[in-house]
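When you number the sequence shown by the working numbering, it's gap-free, plus one each residue, and the end is 501.
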Amino acid sequence: MERVSSIFSQILKFFPKAIFEAAVAHHHGEKHAKGMTCWSQFVALLFCHLGGARSLREIIGGLAASEGKLRHLGIDRAPTRSTLAYANKHRPWQIYPEVFRQLLTVCQADAKSLKRRFRFQHPLLSLDSTLISVCLSMFDWAKYVQTKGAVKLHLVLNHQGYLPQYAVISDGKTADVKVAQQMEFSPGTMLVMDRGYEDHGWWRRLTLAGVYFVTRLKDSTGYAILAERAVPDGTILRDEEIVLLSEKNHADPMRLRRIEVWVEEKQDTLVFVTNHPKLAASTIAAIYKDRWQIELFFKAIKQSLRIKTFIGTSENAVHIQIWTALIAMLLVRYLQLRSTWNWSFSNLLALLRQQLFVYRDLWIWMNQPFRPPLEIDSAQLALGLT
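Pasting the structure below:
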């Protein structure tokens, strides 16, 4: 029978050592380093997320308990708590966004084969952020309001496979739209976001760049109706062409569509705006409804991975922990995409935690997780018993 390494070891093969070491070298990650390598740090942090470890003690204890199986992971022994804590505080966090992007390239190649949720060909991206509360007395660099601390994760989610495509970590006070203005989107992209991203100058720049968006207006935003489009009988109440009052005196004012939709389950009317001139109003409403996927992403990463509590209090350590959580999230999503079994994210992660140091072929387990173990040959059973 072909010998296999542990499930965890096979997962780590998605991160070629040569590419990882190139990222380390690019950011001088091991300059003046003694003892633990950046790879050992990465293995420990990935174990933190995938194994559900809640502290440095649990990370080190979990790895040390599997001491005989660590060589398959590319490390000789479990690091000490002080060594890992020091590395999290001082090793450059910029290594891990590069590792994330390398894995994302692999995931996107598989996601291309998935059936599209919508018939249009525009790449559909959601843009949103989530606050992660921290104790201000311990994380004094992360002041949010006078008595509370927080960091903010800004995320772009690609709806083709629901993969995180781009992320920025900031302090809790940074405005969402300020971060969004620094992002670049390809022409033809369809961007969906909530009303926190209302900035008419930025919307104009997106429109001129050929980027479409679907969002909601703040209640205080003024507009003038230019024309009304015919709407079919059903949940679409209005489809209007409008110009924002902030644009009215512009030589070439930006024209938008304002769409009113009756939402039966909420027994309420929702209003959307878009700069796309042709898509059906019902499609615009469905696009905004699919924005809920980014909320589910935030819920999953907070509930399932180690991101609500931190194993280090420095800004560098927090950045490293969040980026390795995103890598773990992307990794589990990649396993979902490739598996023939209908896994939910939470179920896959829960069972994966129990299998990390089991010696079994990863893809046989992924595709047939409840298949009984192979029976031992009767001749083998007889050895030593007769």
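Think of the CB as a built atom: it goes at the ideal place given N, C-alpha and C, for glycine as much as any other residue.
task: Per DSSP, which residues does Phe387 bridge with? Please list them.
output: Partner(s): Ile374.
query: In the structure shown, what three-state DSSP assignment does Ser241 receive?
result: Ser241 falls in the strand class under three-state DSSP.
query: Which residue from His205, Leu441 and Met481 puts its Cα closest to that of Ser429?
result: Closest option to Ser429, Cα to Cα, is His205.
- request: Out of Arg320, Lys393, Glu375 and Pro392, state which residue places its alpha-carbon closest to the alpha-carbon of Val386.
  value: Ranked by Cα distance from Val386, the options Arg320, Lys393, Glu375 and Pro392 are led by Glu375.
query: Looking at Glu213 and Ala282, is the spacing between their C-beta atoms short of 8 Å?
result: Contact flag unset, no.
query: Using 8 Å as the threshold, is the stretch 239-254 in touch with the stretch 264-283, meaning 3 or more CB pairs across them?
result: Contact between the stretch 239-254 and the stretch 264-283 is established, with three or more Cβ pairs separated by less than 8 Å.
- prompt: Roughly how many whole angstroms lie between the Cα atoms of Gln156 and Thr389?
  reply: Distance between the alpha carbons of Gln156 and Thr389 is about 45 Å.
Rounded C-alpha distance that separates Arg196 from Leu240: Inter-residue distance for Arg196 and Leu240 is about 40 Å (C-alpha atoms, whole angstroms).
message: Let me check you understand the geometry: is the CB of Ala400 closer than 7 Å to at least one non-hydrogen atom of the ligand ATP?
response: Ligands in the displayed structure: none, and consequently the ligand ATP is not present.
- request: Take Ile402 as the anchor and find which of Asn273, Met481 and Asp367 has the nearest alpha-carbon.
  value: Ranking the options by Cα distance to Ile402, first place goes to Asn273.
message: My assumption, with CB atoms under 8 Å, is that Ala193 sits in contact with Ala202. Please give the rounded CB distance.
response: Taking C-beta atoms under 8 Å as the contact rule, Ala193 and Ala202 fail to qualify, at a distance of about 13 Å.
query: CB Trp154 to CB Ile190, shorter than 8 Å?
result: Yes, the pair counts as a contact, with Cβ atoms nearer than the cut-off.
Residue span of the alpha helix (DSSP H) that contains Val358, given as start and end: The continuous stretches of alpha helix (DSSP H) do not include Val358, which lies in the beta strand (DSSP E) extending over residues Ile351 to Leu359.
query: Would a C-beta distance cut-off of 8 Å place Leu446 and Gly276 closer than the cut-off?
result: No. Outside cutoff.
query: Near Pro238, what residues of its chain come up, given a Cβ to Cβ distance below 6 Å and the 5 sequence neighbours on each side ignored?
result: The beta carbon of Pro238 lies closer than 6 Å to those of Thr304 in the same chain, with the five residues before and after it left out.
query: For Ala298, which option in Gln217, Ala440, Val271 and Ser361 has the closest C-alpha, if you only look at C-alpha atoms?
result: Sequence inspection shows Met at residue 298; the Ala mentioned does not correspond to that position. The shortest Cα separation from Met298 among Gln217, Ala440, Val271 and Ser361 belongs to Val271.
- request: Measure the C-alpha to C-alpha separation of Arg172 and Ser181 and round it to an integer number of angstroms.
  value: Distance between the alpha carbons of Arg172 and Ser181 is about 14 Å.
field: Sub-8 Å separation of Trp208 and His434 beta-carbons
entry: Against a cut-off of 8 Å, the Cβ pair of His434 and Trp208 comes out as a contact.
- request: Go ahead and pull the three-state DSSP assignment for Gly264.
  value: Gly264: strand per DSSP, three-state reduction.
message: Does Tyr277 come out as helix, strand or coil in the three-state DSSP assignment?
response: Coil, per DSSP.
query: Can the beta-carbon of Lys503 be found less than 8 Å from the beta-carbon of Glu362?
result: Given a span of 116 to 501 for the chain in the structure shown, any question on residue 503 remains unanswerable.
- prompt: First and last residue of the beta strand (DSSP E) that includes Thr330?
  reply: Note, Thr330: beta strand (DSSP E), Tyr327 to Thr330.
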